[in-house]
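Novice:
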Amino acid sequence: MKLKFAIRYGTQWGENLYVIVTYRSLDGTEKSCRLAMTTTDGWQWELETSALESRQHPIDSFVYYYQVEDSEGSVLRKEWKMVPRCYHFDSSKNYVLADQWRDIPLQYHLYSNAYRTTAGLPLDDEVKTLRVPLYRKTLLFRVSAPQLSEGQSLAVIGSHPALGSWNTARYLKMTYVGCYDWLLSVDADAIPFPLEYKYVVVDDNTHGLLAWEDGDNRVIDETFLMGLASAPYEEVPMSQAQIRDGAVLVVYGETLRLKEQTWRAAGVAVPLFSLRSTHSYGVGDFGDLRRMVSWAAATGMKLIQLLPVNDTSLSHTWSDSNPYRIISAFALHPQYMDLEALGSLRKKSRMTMYYRQRQELNALPYSDYEAVERVKGAYIREIYDEKGKATIESKEFKRWLEENREWLEPYALWLNRRSAHDDDTLFVYYVQYHLHLQLKTAADEARSKGIFIKGDLPIGVNHESVETSLHPEFFNLDCQMGAPPDTFSQNGQNWRFPTYNWSQTELTTWFRRRLCWMAQYFDAVRIDHVLGFFRIWEIPENAVDGLMGHFSPALPMTVGEIEYFGLSFRKDFLTRPFINDRVLDRLFGLHATYVREHFLVNRSYGLYDLKSAYDTQKKVRAYFEGKGDENSLWIRDGLYRLISGVLFLEDPHQPEMYHPRIGAYREPVFDALTAEEKDAYMRLYNNYYYQRHNHFWASMAIRRLKDIYGESKMLCCAEDLGMLPDGVGHVLDQLRMLSLEIQSMPKQNGFEFAHLNANPYRSVATITTHDMSPLRLWWEESPERTQRYYVTMIQKQGHAPEHLPAHLAEEIVARHLYCPSMLCVLSLQDWLAMDGELRSKSPREERINIPGDTHNRWKYRMHLTLEELLDATRYNNKVRTMITRSKR
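To convert, note that position 398 of the sequence shown is 442 in our numbering; the numbers rise steadily by one, no gaps.
#1: Count the other C-beta atoms from every protein chain shown that fall within 10 angstroms of the C-beta of Arg-491, then say buried if there are 16 or more, exposed otherwise.
#2: By how many angstroms is the C-alpha of Ala-375 removed from the C-alpha of Tyr-139?
#3: Within 10 angstroms of its Cβ, does Val-603 collect 16 or more other Cβ (buried), or is it exposed?
#4: Where Leu-174 and Phe-185 are concerned, what is the direct C-alpha to C-alpha distance, given to the nearest angstrom?
#5: Just to confirm my understanding: we take Gln-379, look at its own chain, exclude 5 residues before and 5 after, and list those with CB closer than 8 Å. What are they?
#6: In chain order, what residues of the same chain have a beta carbon less than 6 Å from the beta carbon of Glu-607, not counting five sequence neighbours either side?
#7: Taking only heavy atoms of the ligand FMN into account, decide whether any of them is closer than 6 Å to the Cβ of Arg-570.
#8: For Asp-700, count the other beta carbons within 10 Å of its own beta carbon; 16 or more makes it buried, fewer makes it exposed. Which is it?
#9: State buried or exposed for Trp-57, treating a residue as buried only when at least 16 other CB atoms are found within 10 Å of its CB.
#10: Please classify Asp-874: does DSSP put it in a helix, a strand, or coil?
#11: DSSP beta-bridge partners for Arg-52?
#12: Tell me, please, which residues DSSP counts as bridged to His-703.
#13: Going straight from the alpha carbon of Glu-721 to that of Asn-624, what length do you get?
#14: Counting beta carbon pairs with one atom in the region 865 to 873 and one in the region 802 to 814, are three or more of them shorter than 8 Å?
#15: The alpha helix (DSSP H) spanning Tyr-159 covers which residue range?
#16: Can you tell which of Asp-355, Met-758, Met-345 has its C-alpha closest to the C-alpha of Val-569?
#17: Start and end of the beta strand (DSSP E) containing Asp-500?
#18: Excluding the five sequence neighbours on either side, which residues of its own chain have a C-beta within less than 7 Å of the C-beta of Asp-530, listed in chain order?
#19: Quick check on this structure: which residue in Asn-535, Asn-60, Gly-290, Phe-555 has the alpha carbon closest to the alpha carbon of Tyr-753?
#20: Indicate whether Leu-253 and Thr-299 have their beta-carbon atoms separated by less than 7 Å.
#21: Between the beta-carbon of Ser-411 and the beta-carbon of Lys-885, is there less than 7 Å?
#22: Would you grab the beta carbon distance between Arg-78 and Tyr-109 for me? Rounded to a whole angstrom, and I think it's under 8 Å.
#23: Going by DSSP, what residue range makes up the alpha helix (DSSP H) through Asn-920?
#24: Could you give the first and the last residue of the continuous alpha helix (DSSP H) run that contains Ser-513?
#25: Secondary structure at Gln-548, three-state DSSP: helix, strand or coil?
#26: For Gly-202, list the residues DSSP reports as bridge partners.
#27: Considering Gln-403, what are the terminal residues of the beta strand (DSSP E) in which it resides?
#28: Looking at the unbroken beta strand (DSSP E) that takes in Lys-722, where does it start and where does it end?
#29: Less than 7 Å separating the beta-carbons of Glu-912 and Pro-818?
#30: With distances taken from CA atoms, which of Trp-875, Glu-641, Asn-60, Ile-497 is nearest Val-923?
#31: Enumerate in chain order the residues of its own chain whose CB-to-CB distance from Asp-225 is below 7 Å, with the five nearest sequence positions on each side excluded.
#32: If you measure between the beta carbons of Leu-293 and Leu-183, is that distance less than 7 Å?
#33: In the DSSP output, which residue or residues are listed as bridge partners for Tyr-904?
#34: Around the C-beta of Asn-538, are 16 or more other C-beta atoms found within 10 angstroms, so that it is buried, or is it exposed?
#35: When DSSP builds the beta bridges, which residues end up paired with His-594?
#36: For the beta strand (DSSP E) holding Trp-256, just list the boundary residues, first then last.
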């Protein structure tokens with residue numbers, strides 16, 4: 045048997061096309077080969093090969109895809125492979141595969157588990173290798189049709205009598221092979237070319253034709269056939285051409301050309317720890333998540349968005365409350381254990397004690413992280429001592445353990461180095477097993493009600509974590525991840541996570557493993573700080589704030605390039621802190637003399653240097669550790685500012701190459717430049733930050749993101765806030781990822797607010813995120829800004845009220861529900877802002893996180909219980925009506 049591949053795909057000089065074929069045998073063995081294609085014009089690519097048959101392993105089917113490589117064999121692009129090209133193997137036939145390159149389809153969201161959940165479709169709909177009739181001459185049609193509704197099928201109708209002669213009653217019904225793909229084999233013994241045809245939608249019950257696909261007729265003509273390797277038709281005039289004997293001509297069409305019904309959904313965003321019920325122990329848990337699902341169902345919502353639920357237990361203090369400081373990419377946080385689901389202790393006195401502690405924890409207006417860990421940890425240990433053996437000896441546990449051993453054993457080993465139970469790995473397994481069961485139960489219950497849960501994949505991991513211990517080669521442990529300065533943080537943010545070493549090819553595999561693990565529970569994923577896949581803000585280990593960072597990867601400037609812009613390069617002046625008496629008086633005021641005497645040494649020309657004991661921000665922080673008085677903090681922060689007061693940062697890995705320090709034009713050293721030097725510096729600064737890297741970062745991101753997320757069945761939603769380089773929108777659109785749209789944070793320069801009607805369809809609309817002030821607090825923070833929003837965005841006259849009334853909050857929510865965005869996901873606080881009785885009395889207590897504050901406690905907890913929320917029938921009906929009317 046021969047396989048003849050033909051595909052039209054434009055390439056550039058030095059690029060080559062390969063087909064990757066995998067042969068599958070009846071006994072389950074697989075054999076893959078990578079085959080080079082040939083071309084004469086860089087457009088039409090061909091390959092003819094014999095199948096790798098074996099008597100020991102007879103071939104049952106074959107799967108293939110195309111990829112582009114450079115001259116050195118590096119993969120530049122791959123086809124979209126979520127729906128594989130899979131065909132049954134018949135050794136007596138020669139397959140001629142007439143293909144088109146498959147990019148991620150425009151209707152990619154219809155393939156996601158998020159959509160399938162809301163549509164009531166099964167999630168395990170995989171492509172099957174279907175045995176279809178093969179004839180002496182066979183024409184095999186294949187097409188993808190995600191637009192079909194329940195009770196509809198696909199058919200072919202065409203110009204030849206064998207295809208019905210365009211008679212709508214004589215269509216040929218296709219066979220469903222899985223994941224929206226349809227297949228039909230036709231006896232082509234008497235079919236000449238050219239042949240015109242179309243796909244049509246038919247009703248399964250009435251068998252009537254419902255719709256023709258849009259566009260011109262599809263054609264198999266001379267142009268089509270001339271492009272095939274070793275043409276599968278007889279060498280006769282075109283009007284008499286037919287497929288050769290023994291040939292199977294596979295015509296793989298692009299997606300069905302038919303507009304799909306617009307899918308839009310509404311949902312709620314809430315941290316799991318913020319949920320409150322009468323059953324929980326001072327923190328939201330997986331049992332509360334099930335109660336949240338019930339409320340979402342009652343209001344007509346289709347999704348619940350969570351923050352990360354991974355384990356963060358490192359110091360067992362308040363610093364562990366940050367859900368993004370994960371110590372494991374796979375382990376769930378024990379604080380989310382539903383204790384009731386574990387069962388009751390034998391001794392009633394012990395249960396009475398725990399009930400009392402539960403009441404005390406639930407009486408708090410916030411979630412007390414440390415107290416919750418003590419109480420829940422003690423209960424889990426006691427219940428394990430009583431009932432753990434039965435769980436560990438069960439077949440289900442043993443099966444789960446084997447499936448998860450790869451990450452579970454290193455996690456248990458890492459924990460037991462830091463706990464009092466050095467030999468008790470089984471306890472760790474027990475805890476993670478029950479966490480898995482509880483989250484899986486909540487996820488499955490949500491799916492059964494047409495609701496999907498959206499998880500959050502953190503961009504980083506804790507510096508001290510299982511992942512850095514197990515895979516130190518994946519990380520730059522001498523660097524820190526953060527964000528450049530913005531309107532929320534003038535000194536930038538230092539998240540203190542190590543940056544990634546993308547030269548390690550297995551890093552991509554590690555990310556894909558994380559996604560597979562998440563897909564057990566989540567049907568959509570929030571890609572935290574997607575800009576980090578373009579470039580990350582990398583901060584030296586000796587820095588505290590984000591000002592001393594630079595983008596990585598980046599293209600630092602040579603001395604020659606700097607001088608090309610007209611700035612004479614003087615290394616000491618441009619890269620060392622610029623400190624003179626004027627700067628000291630300005631920064632330290634009455635403390636200037638003290639700073640000169642204790643922290644500085646004199647240089648010539650009235651300049652100073654920092655003493656070696658204080659020449660990095662990290663050293664300064666260590667010196668002032670424990671000194672919390674106002675004067676000490678003033679001096680400490682002033683020294684931080686002195687250290688970062690440079691115009692250029694030398695690249696740590698490329699000597700004599702430099703990055704302009706972000707925002708350096710605001711530093712005193714900039715004022716020391718001449719007018720011509722200032723002009724030259726700003727020219728090179730703007731070139732570096734807004735032009736130099738755009739193509740470089742876009743090409744980097746599209747490769748990384750496609751390799752990691754391209755085959756995921758979770759709906760991918762990018763968090764694309766911050767300092768956006770050009771090309772981000774184009775990359776997200778090309779990968780069919782949803783952007784994040786916030787009206788008060790427009791992406792178009794020069795605007796204070798965005799117009800909701802301009803939101804792209806492939807986006808998530810929200811009012812605020814967990815890093816922002818909730819709507820009511822935002823309304824009160826800046827009366828001038830609120831007034832402008834009141835007049836321009838919600839078209840009201842007069843003065844904006846000091847406090848946001850419920851009816852205005854309802855109008856703002858409604859405007860978001862009616863916007864074009866595919867998803868409208870609002871925080872629980874913003875949903876509740878619509879009801880004057882249900883919402884919290886204090887908007888300030890609704891804030892979840894303050895970015896850049898490393899000492900921030902993540903402790904927000906809803907002020908009413910889920911039971912009370914479920915009983916709020918009037919409010920719930922109003923929400924349901926709003927969602928229904930907005931067609932979400």
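Built from N, CA and C at the ideal position, the CB exists for glycine as well. The model shown is predicted, which means the values in this text are computed figures rather than measured ones.
Specialist: Reading off the structure:
#1: Taking the first residue of the sequence shown as 1, we reach residue 491 at position 447. Arg-491 is buried by the Cβ-count criterion.
#2: On the sequence shown, residue 139 is found 95 positions in, with the first residue counted as 1. On the sequence shown, residue 375 is found 331 positions in, with the first residue counted as 1. Taking the straight line joining both Cα atoms gives about 47 Å.
#3: Within the sequence shown, residue 603 is the residue found at index 559, counting from 1. Exposed: under 16 other Cβ atoms inside 10 Å.
#4: Numbered from 1 along the sequence shown, position 130 holds the residue referred to as residue 174. Numbered from 1 along the sequence shown, position 141 holds the residue referred to as residue 185. So the alpha carbons of these two residues sit roughly 13 Å apart.
#5: For the purposes of this step, residue 379 is identified with residue 335 of the sequence shown, where counting begins at 1. Within the same chain, Gln-379 has close Cβ partners Phe-317, Val-327, Asp-329, Tyr-413, Val-416, Glu-417, Lys-420.
#6: Position 563 of the sequence shown, counted from the start, is the residue given in the question as residue 607. Answer for Glu-607: Phe-613, listed in chain order.
#7: Although the ligand FMN was asked about, the structure shown includes no ligands whatsoever.
#8: The count along the sequence shown starts at 1 and reaches residue 700 at position 656. Before going on, a small fix: residue 700 reads as Glu here, not Asp. With fewer than 16 Cβ atoms within 10 Å of its Cβ, Glu-700 is classed as exposed.
#9: Counting from one through the sequence shown, the residue named residue 57 turns up at place 13. Exposed, because fewer than 16 other Cβ atoms sit within 10 Å of the Cβ of Trp-57.
#10: Residue 874 sits at position 830 when you count from the first residue of the sequence shown. Reduced to three states, the DSSP call for Asp-874 is helix.
#11: Counting from one through the sequence shown, the residue named residue 52 turns up at place 8. In DSSP, Arg-52 forms a bridge with Gln-88, Gln-144.
#12: The residue labelled residue 703 in the question sits at position 659 within the sequence shown. For His-703, which the question treats as bridged, DSSP gives the partners Leu-693.
#13: Walking along the sequence shown from the start, residue 721 turns up at place 677. Walking along the sequence shown from the start, residue 624 turns up at place 580. Going by the C-alpha atoms only, they are around 20 Å apart.
#14: yes
#15: Position 115 of the sequence shown, counting from 1, holds the residue named residue 159. Residues 157 to 162.
#16: Reading the sequence shown from its first residue, position 525 is the one you call residue 569. Considering only alpha carbons, the answer is Met-758.
#17: Within the sequence shown, the letter at position 456 stands for residue 500. From DSSP, the beta strand (DSSP E) with Asp-500 extends over 496 to 501.
#18: Working through the sequence shown from its first residue, we reach residue 530 at position 486. Hits under 7 Å: Gly-766, Met-767.
#19: Along the sequence shown, one-based indexing puts residue 753 at 709. The shortest C-alpha separation from Tyr-753 is found at Phe-555.
#20: Mapped onto the sequence shown, residue 253 falls at position 209. Mapped onto the sequence shown, residue 299 falls at position 255. Not a contact, by the Cβ cut-off of 7 Å.
#21: As a first step, residue 411 is located in the sequence shown; it is residue number 367 there, counting from the start. As a first step, residue 885 is located in the sequence shown; it is residue number 841 there, counting from the start. Cβ atoms of Ser-411 and Lys-885: not closer than 7 Å.
#22: By one-based count along the sequence shown, residue 78 stands at place 34. By one-based count along the sequence shown, residue 109 stands at place 65. In fact, because the Cβ distance is near 11 Å, the residues do not count as touching under 8 Å.
#23: Locating residue 920 in the sequence shown gives position 876, counting from the first residue. Counting along the chain, the alpha helix (DSSP H) containing Asn-920 begins and ends at 917 to 929.
#24: The sequence position of residue 513 within the sequence shown is 469, counting from 1. Looking at the DSSP string, the run of the alpha helix (DSSP H) that includes Ser-513 is 510 to 514.
#25: Locating residue 548 in the sequence shown gives position 504, where the first residue counts as 1. Gln-548: coil per DSSP, three-state reduction.
#26: As a working mapping, residue 202 is identified with position 158 in the sequence shown. Answer is Tyr-241, bridged to Gly-202.
#27: Along the sequence shown, read from residue 1 onward, the residue named residue 403 stands at position 359. No beta strand (DSSP E) holds Gln-403; the alpha helix (DSSP H) holding it covers 392 to 407.
#28: The count along the sequence shown starts at 1 and reaches residue 722 at position 678. Where Lys-722 is concerned, there is no enclosing beta strand (DSSP E), although the alpha helix (DSSP H) it sits in stretches over 719 to 734.
#29: Locating residue 912 in the sequence shown gives position 868, where the first residue counts as 1. Locating residue 818 in the sequence shown gives position 774, where the first residue counts as 1. Result no, Cβ atoms of Glu-912 and Pro-818 do not sit closer than 7 Å.
#30: Looking up residue 923 in the sequence shown gives position 879. Checked all of Trp-875, Glu-641, Asn-60, Ile-497; the closest Cα to Val-923 is Trp-875.
#31: Walking along the sequence shown from the start, residue 225 turns up at place 181. Correct list, in chain order: Val-127, Val-171, Arg-186, Ser-188.
#32: One-based indexing of the sequence shown puts residue 293 at position 249. One-based indexing of the sequence shown puts residue 183 at position 139. Yes; because the gap between Cβ atoms is below 7 Å, this pair is in contact.
#33: Stepping through the sequence shown from its first residue, residue 904 is reached at position 860. Partner(s): Tyr-410.
#34: Residue numbering aside, residue 538 sits at position 494 when the sequence shown is read from its first letter. Asn-538 is buried by the Cβ-count criterion.
#35: For the purposes of this step, residue 594 is taken as the residue at position 550 of the sequence shown. Answer is Glu-582.
#36: For this step, residue 256 is matched to residue 212 along the sequence shown. Start and end: 253 to 256.
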